[in-house]
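First the structure, in the form of C-alpha cells, and then the observations on it.
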Amino acid sequence: MNNERVLVVFSGGQDSTTCLYWAKHRFKEVYALSFLYGQKHKTEVEFAREIARKAKVHFDVLDVPLIGQLGHNSLTDISVTMDTEKPEVGVPNTFVPGRNLFFLSIAAVYARELGIQHIVTGVSQTDFSGYPDCRDSFIKSLNVTLNLAMDEQFVLHTPLMWIDKAETWALADELGVLDIIRNETLTCYNGIPGDGCGHCPACKLRRDGLEKYLKTKNKN
Ligand code: ZN
Numbered sequence: 126m127n128n129e130r131v132l133v134v135f136s137g138g139q140d141s142t143t144c145l146y147w148a149k150h151r152f153k154e155v156y157a158l159s160f161l162y163g164q165k166h167k168t169e170v171e172f173a174r175e176i177a178r179k180a181k182v183h184f185d186v187l188d189v190p191l192i193g194q195l196g197h198n199s200l201t202d203i204s205v206t207m208d209t210e211k212p213e214v215g216v217p218n219t220f221v222p223g224r225n226l227f228f229l230s231i232a233a234v235y236a237r238e239l240g241i242q243h244i245v246t247g248v249s250q251t252d253f254s255g256y257p258d259c260r261d262s263f264i265k266s267l268n269v270t271l272n273l274a275m276d277e278q279f280v281l282h283t284p285l286m287w288i289d290k291a292e293t294w295a296l297a298d299e300l301g302v303l304d305i306i307r308n309e310t311l312t313c314y315n316g317i318p319g320d321g322c323g324h325c326p327a328c329k330l331r332r333d334g335l336e337k338y339l340k341t342k343n344k345n
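So, in C-alpha cells, the structure goes:
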C-alpha cells in the first residue's frame, strides 16, 4: 500500500472505474475527477458520482465545455453520425481531439492544488481504436511535459495500458468488483448503462471482452 493520495481521471465507464478500484487498493486516499466537456451523454457524470459515493472516494466535476466546442466529433456534436467501424485511414469520429491532453493537464493542475503527485488514467494502447492520445509514448511524453511545466514530480499511472478488454474484466474480478463494473458503469456511446445498447463500438468492445474473460474463467 502506497501511503499517499492519488487522483483518478474518472468518467464512470468500465476502464476508469476499474482504475478507481485499482487505486483504492494501492493508495491511502483516492480522489476522482470527472469532466463535463459537452458530451452528448452528460448523465455519465451522475453515474460517476454514484460510483464514487459507493466506493467512498472524494469526487469532483469540472465544467470544461471548450474541448467539445472546438472539434467536430460524434461524442459532442449531435449533427455527426457515429462511425460504427474503424475507418481504413485515420481514427473513428468518436475521437475527441486533444481530450486526454486537456483532461490530464487540467487534472495535474488540480492535483497540484491538493498536493497530490500520483495521477491515474484508464487509457489502453491495446484497445485504443487508433486514438493517438491513448498510447504509452504520449503518456510518457506528457508526464515529462507536466513536470517541466509546473516543476513538479507527477507520476502518471496507466494500469490498463498493456491489457485488453478481457484482461480488464479479469482485473475487475481480481479486485472483487466485477459485478459493480458490469452493472453500474456507463461505457455505451448511446448512454445506456450496464450492458448498454449492445451495438455501438464501445458496447461491442466491452461485451466481446467480457465474453472472452468469462469463457477462460469457466474453463479454469
Ligand atoms: Zn452502446
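Each residue of the sequence shown is one higher than the one before, counting from 126 in this note's numbering. From the three backbone atoms N, C-alpha and C, an ideal C-beta is built for every residue, glycine too. Small disclaimer: the values here were computed from a predicted structure and weren't measured.
Exercise for the section: Taking only heavy atoms of the ligand ZN into account, decide whether any of them is closer than 8 Å to the Cβ of TYR162. Expected result: Answer for TYR162: no, Cβ out of range of the ligand ZN.
Practice task
Identify every residue that forms a DSSP beta bridge with ASP188.
Solution key: The partner list for ASP188 (beta bridge, DSSP) reads LEU161.
Handout entry: Local Cβ density within 10 Å of PRO284, reported as buried at 16 or more and exposed below that
Key = Result: buried.
Handout entry: Proximity test, HIS166 beta-carbon vs the ligand ZN heavy atom, cut-off 8 Å
Key = The beta carbon of HIS166 sits no closer than 8 Å to any heavy atom of the ligand ZN.
Handout entry: Any C-beta of chain C under 9 Å from that of ALA327
Key = This model lacks chain C altogether, as it is built from one protein chain only.
Problem - Through-space distance from PRO326 to THR209, alpha-carbon basis - result: Rounded to the nearest whole angstrom, the CA to CA distance from THR209 to PRO326 is 6 Å.
Practice task
Please name the residue in VAL214, VAL133, VAL170, LEU339 whose C-alpha comes closest to that of PHE152.
Solution key: Taking only the C-alpha atoms, the option nearest PHE152 is VAL133.
Handout entry: Range of the contiguous beta strand (DSSP E) that encloses HIS243
Key = First-last of the beta strand (DSSP E) with HIS243: 243-245.
Exercise for the section: Sort ILE241, GLY316, GLU292 by Cα distance to THR341 and report the nearest one. Expected result: Comparing Cα-Cα distances from THR341 to each of ILE241, GLY316, GLU292, the minimum goes to GLU292.
Handout entry: Cα-Cα separation between PHE172 and LYS179, rounded to whole angstroms
Key = About 11 Å.
Exercise for the section: For my contact list, MET275 and ALA233 are in at a C-beta cut-off of 8 Å; report their separation, rounded to the angstrom. Expected result: Right, the Cβ-Cβ distance comes to about 7 Å (below 8 Å), so this counts as a contact.
Exercise for the section: Drop a sphere of 10 angstroms on the beta-carbon of CYS322, count the other beta-carbons inside from all chains shown, and report buried for 16 or more, exposed for fewer. Expected result: Exposed, by the Cβ-count rule.
Problem - Nearest-angstrom Cα separation, counted from SER204 out to ILE306 - result: Whole-angstrom Cα-Cα distance: 31 Å.
Problem - Identity of the residue in GLY163, ILE176, GLN242 nearest ASN308 by Cα - result: Measuring C-alpha to C-alpha distances from ASN308 to each of GLY163, ILE176, GLN242 identifies ILE176 as the nearest.
Handout entry: Residue from LEU296, HIS324, PRO318, GLY316 with nearest C-alpha to LEU339
Key = Proximity to LEU339 across LEU296, HIS324, PRO318, GLY316 peaks at LEU296, based on C-alpha coordinates.
Practice task
Please confirm whether any heavy atom of the ligand ZN lies closer than 8 Å to the CB of GLY321.
Solution key: Checking the Cβ of GLY321 against the ligand ZN gives yes.
Exercise for the section: Helix, strand or coil for LYS101, going by three-state DSSP, please let me know. Expected result: Absent from the structure is residue 101, since the part of the chain shown begins at 126 and ends at 345.
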